[in-house]
Amino acid sequence: MELLYVADLVGTFVFAISGVMVASAKKFDVFGAFVIAFVTAIGGGTLRDILIGSLPVGWIQDVTYIFVIMVACLCSVLFSRYIINLSKTLFLFDTIGIAVFTILGLQKALDVGTPAVVAVMMGTISAVFGGVVRDVLCNEEPLIFRKELYATPCIFGGVLYLILDRSGLIQPAVIGITIAGIIIVRLLAVKRHWSLPLINLEKIRH
Amino acid sequence: MELLYVADLVGTFVFAISGVMVASAKKFDVFGAFVIAFVTAIGGGTLRDILIGSLPVGWIQDVTYIFVIMVACLCSVLFSRYIINLSKTLFLFDTIGIAVFTILGLQKALDVGTPAVVAVMMGTISAVFGGVVRDVLCNEEPLIFRKELYATPCIFGGVLYLILDRSGLIQPAVIGITIAGIIIVRLLAVKRHWSLPLINLEKIRH
Amino acid sequence: MELLYVADLVGTFVFAISGVMVASAKKFDVFGAFVIAFVTAIGGGTLRDILIGSLPVGWIQDVTYIFVIMVACLCSVLFSRYIINLSKTLFLFDTIGIAVFTILGLQKALDVGTPAVVAVMMGTISAVFGGVVRDVLCNEEPLIFRKELYATPCIFGGVLYLILDRSGLIQPAVIGITIAGIIIVRLLAVKRHWSLPLINLEKIRH
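Listed in order, the protein sequences are those of chains G, E and B.
When you line the first sequence up against the numbering used here, it's residues 1 to 206, in that order.
When you line the second sequence up against the numbering used here, it's residues 1 to 206, in that order.
When you line the third sequence up against the numbering used here, it's residues 1 to 206, in that order.
Here you go:
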């Protein structure tokens, strides 16, 4: 679908901007900022492509992604005063981004014949692992392992997609409902401060 | 060999449990704990598969590993009080795990035609690199670079395997002796506090 | 070209020595030092090979690199007193190293048919990403994101190579001028303390 491709580029753009913001907080130089923007935007999809053996990775086969990230970096610097005021809009697009990344990642995994459980994992990896690579390169503990309900909506969305897809619904409906579902779960999670329980093997010891 | 496959799954199970324990110490949430368990258990084999070009990686082709890790995570939480008392048993299984991972990694490398020195490296990577990826994702210095004699038994085992294999012994004997050798070296190393010399270019400067 | 292959091995050797030096500063053991030497020397090329799908990775197909790194580790320890006095020579060879890594990485990317912009990226990744992986494994912030003008000469060299190559010059001239260009830019950058501007979205906010 054309629309999904455009949404993918928009997600890439927004992820890249969030990468520049993190790099700015770390006081990196412009090269470092570009690298962080890049891995944030395409790190998840790159890991997925490597694991399933779809090489060269996606952004080598379609350089549009590289240019979108370059433009995002440029915009971050040129319009930084506006971007900071746009945080709510960015959050919305970020949420659309993880929804689209999840679905495209899941579809790509299914296309190469992976089992359902792997496809859901690949969808989730596509959406959230760019942030993990970003945090590793910034020498920070990955945020999603502790603080935010970020991966759960993707896992939920992946399962939802598979159920809807097997129910015989037409593709656009499956995709639309899944995106809506991921966005709703994520917005609710943030609004109501939902978070996953921490793992704590100690407390049971007593 | 069927037995080696079972031992591989047991090793995966024990590595995943050790990953959950690390995640618990880091106060990650359940998603973070699953990711850490996962990379600890399959990180080494995944890196090996990528480097030698055996894609999709192993656990995508046989999802048994994914389910074993899920069960290990569940068991960690449900039986955590017992697991802590089982530390000696876990250490034993962990040692069997690195032995089996080494052999299977080495065999897989030989199967795709890598030279002997690469095969030994791939065996060692299979056994120890899951722990490295775990430490990187936990934002810790990799343990095996400093404190524990962990990789050396694997390198020793890899070389032993190749020597035995070329001596004309039957496969089960080669495998059995190699596993025994790795376990003995590792147990001795821990018992007698063997460690590798630190690298120190400074001291020679004076 | 034979000469480029030899220069590649020399670059590998020097990168490995710089890795041992970092490992020594981190007080790793000899195994840790070998791993750090190894990833510093071949990390960039390995990532490039994975991304473009040239698997198994280069150093598996030609084990000369592995032996060069082993010899470099041995030399670091045996001749450490001299190496410290050789820092200027090492810096020169390091600079030649990044120049050669850039060109070989770029050529390999072009050989598999990547677009020009990707080829420049792959050349740069080949030259600088070994250092990034080294820093990540050492649990340090990657140096090149903040302090040194290290990647810029590679990007410059990559673009220069492509321009010269399309101008109809003979290959040896293209390679020679590109190497000279990268070395000059890097030496000037170090001599004159050039650095990239930091990214700072905050300052514009006021």
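Backbone N, C-alpha and C fix where the C-beta goes; we use that ideal spot for every residue, glycine too.
Residue i, DSSP secondary structure in three states
i	result
Asp94 (chain B)	helix
Ile204 (chain B)	In this prediction, Ile204 (chain B) scores a pLDDT of 48, lower than 50, which makes its location untrustworthy; no coordinate-derived value is stated.
Asp29 (chain E)	strand
Leu187 (chain B)	helix
Leu78 (chain B)	helix
Leu55 (chain G)	coil
Leu196 (chain B)	coil
Ile175 (chain B)	helix
Ile17 (chain E)	helix
Leu149 (chain B)	coil
Ile83 (chain E)	helix
Gly181 (chain G)	helix
Asp8 (chain E)	helix
Asp62 (chain B)	coil
Leu169 (chain G)	coil
Val112 (chain B)	coil
Glu2 (chain B)	helix
Val71 (chain B)	helix
Cβ-based burial, residue i [other Cβ within 10 Å; buried from 16]
i	result
Val210 (chain G)	Outside the displayed range of chain G (1 to 206) lies residue 210 (chain G), so it cannot be described from this structure.
His206 (chain E)	With a pLDDT of 42 at His206 (chain E), under the threshold of 50, the predicted position of this residue should be treated as unreliable, though the coordinate-derived value follows. It counts as exposed.
Val172 (chain E)	One point to set straight first is that residue 172 (chain E) is Pro, not Val, in the sequence displayed. It counts as exposed.
Trp194 (chain B)	exposed
Gly105 (chain G)	buried
Phe67 (chain G)	exposed
Ala33 (chain G)	buried
Val118 (chain E)	buried
Pro142 (chain B)	buried
Tyr82 (chain E)	exposed
Leu196 (chain E)	buried
Leu78 (chain E)	exposed
Phe13 (chain G)	buried
Ile163 (chain G)	exposed
Span of the alpha helix (DSSP H), counted from its first residue to its last, around residue i
i	result
Phe129 (chain E)	116-137
Val159 (chain B)	152-166
Candidates the options: closest to residue i by CA position
i	options	result
Trp59 (chain G)	G:Val185, G:Ala41, G:Ser76, G:Pro153	G:Ala41
Arg192 (chain B)	B:Leu86, B:Leu198, B:Ile184	B:Ile184
Cys154 (chain G)	G:Pro142, G:Gly131, G:Val120	G:Val120
Tyr161 (chain E)	E:Thr114, E:Val174, E:Phe129	E:Val174
Ile103 (chain E)	E:Gly11, E:Leu201, E:Ile199	E:Gly11
Gln61 (chain E)	G:Ala109, G:Tyr5, G:Asn139	G:Ala109
Met122 (chain G)	G:Val30, G:Thr46, G:Asn200, G:Val14	G:Thr46
Ile179 (chain E)	E:Ser54, E:Thr95, E:Phe79	E:Thr95
Val30 (chain G)	B:Phe145, B:Cys75, B:Leu78, B:Ile52	B:Phe145
Ala99 (chain B)	B:Ala23, B:Ser76, B:Ala127, B:Ile170	B:Ala127
Cys73 (chain B)	B:Leu201, B:Ala16, B:Gly181	B:Ala16
Gln107 (chain E)	E:Phe13, E:Leu92, E:Ser54, E:Val71	E:Ser54
Phe101 (chain E)	E:Thr124, E:Val20, E:Val132, E:Val57	E:Thr124
Ala189 (chain G)	G:Asp8, G:Tyr150, G:Ile199	G:Tyr150
Val71 (chain G)	G:Val133, G:Gly176, G:Ile177, G:Val20	G:Val20
* **Selection of the region 89-100 of chain E by Cβ proximity to chain B, strictly under 7 Å** => none
* Asked: Closer than 9 Å, Cβ to any Cβ of chain B: which residues of the region 178-202 of chain E, in chain order?
  -> Ser195, Leu196, Pro197, Leu198, Ile199, Asn200, Leu201, Glu202
* Which residues, in chain order, does the region 49-73 of chain E contribute to contact with chain B at a C-beta distance below 7 Å? -> Ile50, Leu51, Ile52, Gly53
* chain E contacts from the region 99-127 of chain G (Cβ-Cβ distance under 8 Å) -> Val112, Thr114, Pro115, Val117, Val118, Met121
* **Interfacial residues, the region 133-158 of chain B to chain E, with Cβ spacing under 9 Å** => Val136, Leu137, Cys138, Asn139
* Residues within the region 3-31 of chain E neighbouring chain G, beta-carbon criterion of under 9 Å -> Val20, Met21, Ala23, Ser24, Ala25, Lys26, Lys27, Phe28, Asp29, Val30, Phe31
* Asked: At a Cβ cut of 8 Å, what residues of the region 75-89 of chain B count as close to chain E, listed as they run along the chain?
  -> Ser76, Val77, Ser80, Arg81, Ile83, Ile84
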